[in-house]
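Novice: Going by the working numbering, the sequence shown opens with residue 202, and the numbers climb by one from there. Every residue gets a Cβ at the ideal spot worked out from N, C-alpha and C, and that includes glycine. Please read these numbers as outputs of a predicted model, since none were measured by experiment. Structure in structure tokens, see below.
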Amino acid sequence: MDPVSAKVDERQDIVLDLDRLKRNCNNNRTIIVELLNHLYQKSGPKWIGAIEEGIKSENSKEIREVCHGMKGASATVFAWRISNLALEFESLARDENIQGLSDRMGELKNAFVELEKWIKAQPDLA
202 MDPVSAKVDE
212 RQDIVLDLDR
222 LKRNCNNNRT
232 IIVELLNHLY
242 QKSGPKWIGA
252 IEEGIKSENS
262 KEIREVCHGM
272 KGASATVFAW
282 RISNLALEFE
292 SLARDENIQG
302 LSDRMGELKN
312 AFVELEKWIK
322 AQPDLA
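Listed below in structure tokens is the structure:
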């Protein structure tokens, strides 16, 4: 395991810290690919759908819980941009700022698209 723990609000400019993920996974390409594919193919759409449903029903508590999980799961694989957005979304939900959440959904969706493109551009992961 990486001796330096992942922390919230770390490296907002980085889509994903692949070097740290590799270290945490003992450079096991299969595990790395599986974790990342799950993040953007399964978890991402599920989280986005749940947030959109929470916005529609104005359920800030549900949104906050989803964002909390997204924040932790993304940080675990060092997907900083998504983790930091999840932190911001969690805060908006805590403040019951449904309009703010709605206004920023495009940004969250784009972060997952960006992650997918970034992953597919990595020769180590192709």
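1. According to the Cβ coordinates, are ARG282 and GLU315 closer than 8 Å?
2. Near SER206, what residues of its chain come up, given a Cβ to Cβ distance below 6 Å and the 5 sequence neighbours on each side ignored?
3. Nearest-angstrom Cα distance between ASN238 and ASP218?
4. In whole angstroms, what is the alpha-carbon distance linking ALA322 and ILE264?
5. Does ARG224 come within less than 8 Å of chain B when only Cβ atoms are used?
6. Please state whether DSSP places CYS268 in a helix, a strand or coil.
7. What separation, rounded to the nearest whole angstrom, lies between the Cα atoms of ASN285 and GLY273?
8. So, at 7 Å on beta carbons, what are the nonlocal neighbours of CYS226 in its own chain, with the 5 sequence-adjacent residues on each side left out?
9. Which term fits SER275, buried or exposed, when burial requires 16 or more other beta carbons within 10 angstroms of its beta carbon?
10. Measure how close the beta-carbons of SER339 and GLU291 come, nearest whole angstrom, since I'm counting them as under 8 Å.
11. Of the residues ARG224, ALA287, ASP304 and LEU326, which one's Cα is nearest the Cα of GLY245?
12. In chain order, what residues of the same chain lie with their CB nearer than 8 Å to the CB of ILE267, ignoring the 5 residues before and after it?
Specialist: Concretely, from the data shown:
1. For the pair ARG282 and GLU315, the CB atoms are nearer than the 8 Å cut-off.
2. Residue placement at SER206 cannot be trusted, given a pLDDT of 45 that sits under 50; what the coordinates show is reported in the next sentence. Cβ within range, chain order: n/a, list empty.
3. Each residue's alpha carbon lies about 15 Å from the other.
4. Cα atoms of ALA322 and ILE264: separation of roughly 31 Å, rounded to the nearest angstrom.
5. Going by chain labels, chain B is absent from the structure shown, which holds only one protein chain.
6. In this structure, CYS268 counts as helix in the three-state DSSP scheme.
7. Each residue's alpha carbon lies about 10 Å from the other.
8. The answer, listed in chain order, is ILE232 and ILE233.
9. Around the beta-carbon of SER275, 16 or more other beta-carbon atoms lie within 10 Å, marking it buried.
10. Residue 339 is absent from the model: the chain starts at 202 and stops at 327.
11. Looking at the Cα atoms, ALA287 is the closest of the given residues.
12. Residue identity differs from the one stated: residue 267 is Val in this sequence, not Ile. These residues qualify, in order along the chain: TRP248, ALA251, ILE252 and GLY255.
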